[in-house]
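Reading through the structure tokens given below for one structure.
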Amino acid sequence: MKIKVLYFASYREQCGKNTETFALPKESTLADLIARVLEANIGIKCSPERMVAAVNEEYQTHDQVLLAGDIVALIPPVSGG
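At position 72 of the sequence shown (counting the first as 1) the number is 78 in the numbering used here, and the numbers step up by one without a gap.
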């Protein structure tokens, strides 16, 4: 199945692209996709467990099972004071 990934803020800068499409096996989770993203984009400087993701515009946990055609937005963690 194909999943479209949207990169935001520092992730976009670190990987040098706005979007990317990944082919994953059925029953793959958001955690599986994040692992693939980090393998394909070594410039992204974030540990997988800290990555925030929205699937089809709704925030999800990393155990969320993905469906063909899902759009996943990867958003860097927010920090500040």
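For glycine and all other residues, C-beta sits at the position ideal for the given N, C-alpha and C.
Inter-residue spacing [alpha-carbon to alpha-carbon] between residue i and residue j
i: residue 49; j: residue 84; result: 19 Å
i: residue 58; j: residue 33; result: 20 Å
i: residue 40; j: residue 54; result: 7 Å
Whole-Å CB distance - residue i paired with residue j, under 8 Å assumed
i: residue 79; j: residue 12; result: 4 Å
i: residue 62; j: residue 81; result: The Cβ separation is near 14 Å, so there is no contact.
Spatial neighbours of residue i in its chain, beta-carbon cut-off 6 Å, leaving aside the 5 residues before and after
i: residue 28; result: 9, 42
Residue i - containing alpha helix (DSSP H), residue span
i: residue 40; result: 36 to 46
i: residue 19; result: 15 to 21
Residues that residue i bridges to, as DSSP identifies them
i: residue 12; result: 25, 79
i: residue 33; result: Beta-bridge pairing links residue 33 to no other residue.
Unbroken beta strand (DSSP E) run spanning residue i, endpoints
i: residue 58; result: 58 to 61
Cutoff 7 Å; reference residue i; Cβ partners in own chain excluding five residues on either side
i: residue 35; result: 68, 69, 70, 71, 72
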